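Notes for the one structure printed next.
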Amino acid sequence: MSEQHSTPATEIEQRAALWVQQKHFWVWTAENQTALDGWLAQSPAHRVAYIRLDAALRRSNRLAALNAPRKTFVPEPRFRPFVSKMVAAFALVALIGGAITYLDPGPKVSTYSTQIGGRQTIALADGTHIEMNTNTRLRVALSKTERKVWLEKGEAYFQVAHNAKRPFTVFAGDSRVVDLGTKFLLRHEPGRLEVDLLEGQVEIAKQKDTGARATVLNPGDTAIVTAAAVSVKHKTPREIVEKLGWRRGVVTFDRTTLADAVAEFNRYNRHQLIITDPATARITIGGTFDVSNVETFIDIARQDFGLHTESRPDATVISK
Amino acid sequence: MTGNHEFGTEGSHAPHVASMTAPEVDEWFAREVLPLETALIQFLHRNWRNASDIADLRQDVYVQVYEAALKDIPASPRQFVFTTARNLLINRVRREQIVSIEAVADLDLLEIAEETPAPDRVVIARDELLQLQVALDRLPARHREIFLLAQIEGLAGRQIAARLGLAESTVSLHLAKATRLIADSLYGTPKDLRRGA
Chain A
1 MSEQHSTPAT
11 EIEQRAALWV
21 QQKHFWVWTA
31 ENQTALDGWL
41 AQSPAHRVAY
51 IRLDAALRRS
61 NRLAALNAPR
71 KTFVPEPRFR
81 PFVSKMVAAF
91 ALVALIGGAI
101 TYLDPGPKVS
111 TYSTQIGGRQ
121 TIALADGTHI
131 EMNTNTRLRV
141 ALSKTERKVW
151 LEKGEAYFQV
161 AHNAKRPFTV
171 FAGDSRVVDL
181 GTKFLLRHEP
191 GRLEVDLLEG
201 QVEIAKQKDT
211 GARATVLNPG
221 DTAIVTAAAV
231 SVKHKTPREI
241 VEKLGWRRGV
251 VTFDRTTLAD
261 AVAEFNRYNR
271 HQLIITDPAT
281 ARITIGGTFD
291 VSNVETFIDI
301 ARQDFGLHTE
311 SRPDATVISK
Chain B
321 MTGNHEFGTE
331 GSHAPHVASM
341 TAPEVDEWFA
351 REVLPLETAL
361 IQFLHRNWRN
371 ASDIADLRQD
381 VYVQVYEAAL
391 KDIPASPRQF
401 VFTTARNLLI
411 NRVRREQIVS
421 IEAVADLDLL
431 EIAEETPAPD
441 RVVIARDELL
451 QLQVALDRLP
461 ARHREIFLLA
471 QIEGLAGRQI
481 AARLGLAEST
491 VSLHLAKATR
501 LIADSLYGTP
511 KDLRRGA
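These protein sequence lines map, in sequence, to chains A and B.
Sequential numbering of the first sequence, starting at 1, is according to our numbering.
Sequential numbering of the second sequence, starting at 321, is according to our numbering.
Structure representation (structure tokens):
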């Protein structure tokens with residue numbers, strides 16, 4: 001694929017590719033970002049070229065993660081010419097060696113998921129328990145040397161049977177959370193990961209080596225991980241217990257805005273609650289509710305807060 | 321309940337969003353426009369004789385679509401992309417004062433655009449894996465090796481350079497090239513038109 005004609009577009013694409021790979025695979029500093037922003041601002045042609053290559057790389061990364069057993073990605077053509085030059089027995093050894101390198105003993109990957117409003121506990125063979133909240137999907141791969149979980153979406157509470165020789169790592173978005181002997185709660189939403197540590201210790205890092213230091217959490221810490229930053233706060237034991245209320249099928253609000261409360265209910269129910277005006281959204285409420293009992297919540301909105309509620313087949317609109 | 325702020329503000333807004341911010345347009349572009357690339361390239365090839373212009377034409381279409389989207393997101397990305405492409409070709413013919421305008425004059429361009437149905441998103445996921453597999457297979461051996469180490473094994477560029485005993489700049493160039501080839505395979509350049517790959 002040689003470029004016979006070096007056109008302005010291909011030159012831009014070459015430059016964009018250098019930026020993209022730099023950002024994805026090398027140490028990326030604030031200075032790099034400033035320089036990239038400057039380049040992107042020079043021309044929309046720079047920008048679209050960058051978006052396109054960045055999207056391709058993110059897509060290929062996501063697909064690679066989807067296809068965790070890695071088997072599909074063994075670059076067979078690499079071995080074939082090599083193998084053909086070998087005597088059969090020797091070739092077999094070479095193949096096995098190659099396969100092991102790439103397959104990483106090829107652990108079986110199991111996928112688990114819950115529906116909206118669903119809840120499920122998985123007991124893994126290593127003694128670890130994973131409790132999945134509503135609308136959650138994760139994949140588990142256990143091998144002799146390591147234990148990996150991909151939290152694709154949703155929320156799960158992990159009680160990990162610690163084994164230093166067989167590390168337990170959860171991948172979510174572009175982050176990984178490494179267990180250091182632990183009970184922790186993970187909630188993964190697009191672009192955002194929340195980690196609550198109850199016992200033990202975990203380490204949070206980007207999957208790619210960005211040069212940034214890993215964040216270590218201690219019990220009671222809550223970390224919020226976004227593309228831009230990791231912020232850590234300390235929670236009281238009560239707050240943590242409340243956050244785990246879903247394990248008992250309840251959700252607790254404490255001076256929570258109606259907007260937040262409704263968003264929380266909407267995670268568990270297909271029947272969605274919709275608030276249309278900002279004044280209603282700002283009302284705060286407290287109390288413990290059954291996550292699936294939307295009716296009670298609507299009744300309270302109507303009777304205790306004097307709000308107007310309008311029921312549709314798939315949603316209820318709450319307004320002043 | 322600190323965790324729900326993003327949801328909260330979303331829920332309190334009306335669902336109609338008039339204009340999007342630049343990052344949202346970037347997302348929209350990657351989601352709606354890039355998947356049309358194969359069809360767009362085919363379209364450009366069919367309607368433009370000089371194959372060496374295609375990369376520039378594609379870029380011009382993307383720039384115009386992107387800039388328009390910053391002002392207002394087109395309701396039908398597909399139609400918008402192909403209308404933009406058609407207008408671009410017509411304008412270029414006029415500007416360059418190419419005599420034979422029949423190259424674009426008699427085309428039912430939008431019909432071409434519509435004849436391939438919008439792909440079913442469920443099917444895409446599975447096809448994407450195959451596509452990626454094909455894309456990886458197409459990479460030259462060295463590029464593939466380096467790309468796999470970076471993207472599948474999760475090694476940083478620096479680590480790859482150390483492991484393979486290559487200069488970091490060499491690894492950079494290989495990763496850049498691999499990224500471009502993967503993008504072509506995932507998004508665009510139809511097989512029969514791929515230059516010597």
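We put the beta carbon where it would ideally sit given N, CA and C, even for glycine.
Given the structure is predicted, the values throughout are model-derived calculations rather than measurements.
Beta-bridge partners of residue i, as assigned by DSSP
i	result
residue 150 of chain A	A:139 and A:171
residue 287 of chain A	A:253
residue 129 of chain A	A:123 and A:159
residue 315 of chain A	A:272
residue 194 of chain A	A:187 and A:224
residue 505 of chain B	Note: residue 505 of chain B sits in no beta bridge, so no partner.
residue 112 of chain A	A:138
residue 179 of chain A	A:202
residue 454 of chain B	According to DSSP, which records beta bridges pairwise, residue 454 of chain B is partnered with nothing at all.
residue 233 of chain A	A:222
residue 310 of chain A	A:317
residue 215 of chain A	A:204
Residue i: CB within 7 angstroms of a non-hydrogen atom of the ligand GDP
i	result
residue 183 of chain A	Judged by which ligands are present, the structure shown has none, so any question about the ligand GDP falls away.
Contact list for residue i against chain A, beta-carbon separation under 9 angstroms
i	result
residue 492 of chain B	18, 21, 22, 25 and 26
Chain A residues whose Cβ lies nearer than 7 angstroms to that of residue i
i	result
residue 346 of chain B	51
residue 400 of chain B	Under the 7 angstroms cutoff, chain A gives no residues; its nearest Cβ is about 14 angstroms from residue 400 of chain B.
residue 485 of chain B	In chain order: nothing, as chain A lies at least about 17 angstroms away.
residue 476 of chain B	25, 26, 208 and 209
residue 383 of chain B	44, 45 and 48
residue 356 of chain B	Here the premise fails: no neighbours, minimum Cβ distance about 12 angstroms.
residue 495 of chain B	21 and 25
residue 350 of chain B	51 and 55
residue 409 of chain B	Those within 7 angstroms of residue 409 of chain B in chain A number zero; the least Cβ separation is about 16 angstroms.
Beta-carbon proximity list for residue i, same chain, < 7 angstroms, skipping 5 on both sides
i	result
residue 378 of chain B	360, 361 and 364
residue 216 of chain A	201 and 203
residue 277 of chain A	319 and 320
residue 87 of chain A	Here the model assigns residue 87 of chain A a pLDDT of 35, short of 50, so the residue's position is not dependable and the matter cannot be decided.
residue 354 of chain B	507
residue 459 of chain B	467, 498 and 501
residue 188 of chain A	151, 153, 154, 172 and 173
residue 227 of chain A	191
residue 261 of chain A	253 and 285
Same chain, Cβ closer than 8 angstroms to residue i, neighbours up to 5 away in sequence not counted
i	result
residue 271 of chain A	294, 314, 315 and 316
residue 400 of chain B	385, 388 and 394
residue 175 of chain A	193, 204, 205, 206, 207 and 225
residue 437 of chain B	Only weak support exists for where residue 437 of chain B lies, its pLDDT of 39 falling under 50; the value from the coordinates is given anyway. Here the set comprises nothing.
residue 60 of chain A	none
residue 167 of chain A	146, 147, 178 and 179
Beta-carbon neighbours of residue i, restricted to chain B and to distances below 9 angstroms
i	result
residue 319 of chain A	Near residue 319 of chain A there are no residues of chain B at all, since even the closest Cβ is about 11 angstroms away, more than 9 angstroms.
residue 231 of chain A	By Cβ distance, chain B contributes nothing, its closest Cβ being about 10 angstroms from residue 231 of chain A, past 9 angstroms.
Interface residues of chain B facing residue i [CB-CB closer than 8 angstroms]
i	result
residue 147 of chain A	Per Cβ cutoff of 8 angstroms: no residues; residue 147 of chain A is ~17 angstroms from chain B at best.
residue 119 of chain A	By Cβ distance, chain B contributes nothing, its closest Cβ being about 18 angstroms from residue 119 of chain A, past 8 angstroms.
CB-CB length for residue i against residue j, believed under 8 angstroms
i	j	result
residue 120 of chain A	residue 135 of chain A	Rounded, the Cβ-Cβ distance is 12 angstroms, inconsistent with contact.
residue 477 of chain B	residue 495 of chain B	7 angstroms
residue 291 of chain A	residue 246 of chain A	6 angstroms
residue 177 of chain A	residue 139 of chain A	The pair is not a contact, with the Cβ atoms about 15 angstroms apart (cut-off 8 angstroms).
residue 297 of chain A	residue 250 of chain A	In fact, because the Cβ distance is near 12 angstroms, the residues do not count as touching under 8 angstroms.
residue 383 of chain B	residue 44 of chain A	5 angstroms
Residues near residue i by beta carbon distance below 6 angstroms, same chain, minus five either side
i	result
residue 32 of chain A	none
residue 148 of chain A	141 and 169
residue 488 of chain B	481
residue 374 of chain B	364
residue 322 of chain B	Because the pLDDT at residue 322 of chain B is just 35, under 50, the model does not fix this residue reliably, and the value given afterwards should be weighed accordingly. Nothing listed; no residue qualifies.
residue 222 of chain A	196, 233 and 235
residue 390 of chain B	345
residue 13 of chain A	49
Partners in chain A for residue i, counting only beta-carbon separations shorter than 8 angstroms
i	result
residue 378 of chain B	9
residue 359 of chain B	Per Cβ cutoff of 8 angstroms: no residues; residue 359 of chain B is ~15 angstroms from chain A at best.
Closer than 7 angstroms at the beta carbon, the chain B residues around residue i
i	result
residue 13 of chain A	500
residue 56 of chain A	499, 502, 503, 506 and 507
residue 133 of chain A	Per Cβ cutoff of 7 angstroms: no residues; residue 133 of chain A is ~12 angstroms from chain B at best.
Query raised in the report: For the region 154-161 of chain A against the region 175-193 of chain A, are there 3 or more C-beta pairs whose distance is under 8 angstroms?
Result: yes
- Message: Within 8 angstroms, do at least three Cβ pairs link the region 477-494 of chain B to the region 33-47 of chain A?
- Response: no
Could you tell me whether the region 250-268 of chain A touches the region 221-236 of chain A, where touching means 3 or more Cβ pairs closer than 8 angstroms? no
Any contact of the region 46-63 of chain A with the region 344-355 of chain B, i.e. 3+ C-beta pairs under 8 angstroms? yes
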